[in-house]
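Below you'll find the structure, written out as structure tokens, and then a few comments.
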Amino acid sequence: MTNTITFEVAGHEPVTIAIRNGVIAGWTGRNMDAVQHHIDELKAIGVPPPSTVPLYYRVASSLLTTDALIETVDETSSGEAEPVLLDDGANLYLGLGSDHTDRQLETHSVALSKQICAKPVAGTLWLFDEVADHLDEIQIRSFIEENGEWVAYQSGTLASIRPLADLAAGSPHAEGANRLAAGTAMMCGTFPVLSGGVRPARKFRMEMEDPKLGRRIEHSYEMKPLPVIS
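Sequential numbering from 106 applies to the sequence shown in our numbering.
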């Protein structure tokens, strides 16, 4: 199945990518203490630890969306801001996405909890070659809305995530040096929650900033919960 999305590319013409492979790279922290912290905070809500680190989950390509509204089952899911690698067969791009995950289902199966939720992505990409020499400086932040106010939820730089080229090389869709198979989109891991633990929120906002080139990508979306009928 192919999911075709047109993205803006900073400084270049838009690109239309026919996405055929969806991958979620999990437990990708460069610092194993930070990885263990994330494992522990998820364990606190009943999520079993991973079988290996890092771990590559397969998800349907149709889950990726640039829409500002996603539908979920109940109100038990939440977002995770992550760098995203996309390859159209001609170029590798860096983007921003949210590995939106059903936290209740996650206690039963991490793979199923990821497959059941849409994966929001920002509508703008950067050419990977333009940022490859300073990836560790790139910053990602996320915010959730609580009681009508935006609250800082995550913050970090790509220096805390394993080198993206290494993650690409370990992917089930690796294709040569620093490349993925054409039509592959891979989320590359997230950052620990700043405070309050992993928790659902109807509105999620994320941003990725490149201080060297003075560029920023932003995206926000809202979760529309569907009733649980039994």
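Glycine residues also receive a C-beta, built at the ideal position from the N, C-alpha and C atoms.
As the structure is a computational prediction, the values presented were derived from the model and not from experiment.
Any idea which residues DSSP pairs residue i with across the strands?
{"i": "D315", "result": "R320"}
{"i": "H205", "result": "Beta-bridge pairing links H205 to no other residue."}
{"i": "R163", "result": "V128"}
{"i": "G116", "result": "None; G116 has no bridge partner."}
{"i": "V298", "result": "Q259"}
Thinking just about the alpha-carbon of each residue, which of the options is nearest to the one in residue i?
{"i": "V114", "options": "I122, D172, W231, N136", "result": "W231"}
{"i": "A139", "options": "H324, L269, R320, S260", "result": "S260"}
{"i": "H239", "options": "I175, F248, L263", "result": "L263"}
{"i": "L272", "options": "H213, M292, G288", "result": "M292"}
{"i": "E251", "options": "R304, T289, T229, G275", "result": "R304"}
{"i": "L147", "options": "Y162, M313, P297", "result": "P297"}
{"i": "Q244", "options": "P159, I322, H117, E327", "result": "I322"}
{"i": "M137", "options": "P159, G194, D234, T170", "result": "P159"}
{"i": "T212", "options": "T170, S335, A149", "result": "A149"}
{"i": "K308", "options": "H117, E327, G319, R320", "result": "E327"}
Given a cut-off of 9 angstroms, decide if residue j and residue i are closer than it, judged by their beta-carbon atoms.
{"i": "I110", "j": "I124", "result": "yes"}
{"i": "G151", "j": "A306", "result": "no"}
{"i": "A237", "j": "A279", "result": "no"}
{"i": "T177", "j": "A223", "result": "yes"}
{"i": "Y198", "j": "L210", "result": "no"}
{"i": "A165", "j": "G131", "result": "no"}
{"i": "S247", "j": "A186", "result": "yes"}
{"i": "A274", "j": "A282", "result": "yes"}
{"i": "T206", "j": "K219", "result": "yes"}
What's the gap between the Cα of residue i and the Cα of residue j?
{"i": "H142", "j": "G301", "result": "14 angstroms"}
{"i": "M106", "j": "T181", "result": "28 angstroms"}
{"i": "S156", "j": "P332", "result": "33 angstroms"}
{"i": "D192", "j": "V226", "result": "14 angstroms"}
{"i": "G200", "j": "E314", "result": "11 angstroms"}
{"i": "A173", "j": "Y258", "result": "19 angstroms"}
Consider the Cβ of residue i: report whether some Cβ of chain C lies at a distance smaller than 9 angstroms.
{"i": "L318", "result": "In the displayed structure, chain C is absent; only one protein chain is listed."}
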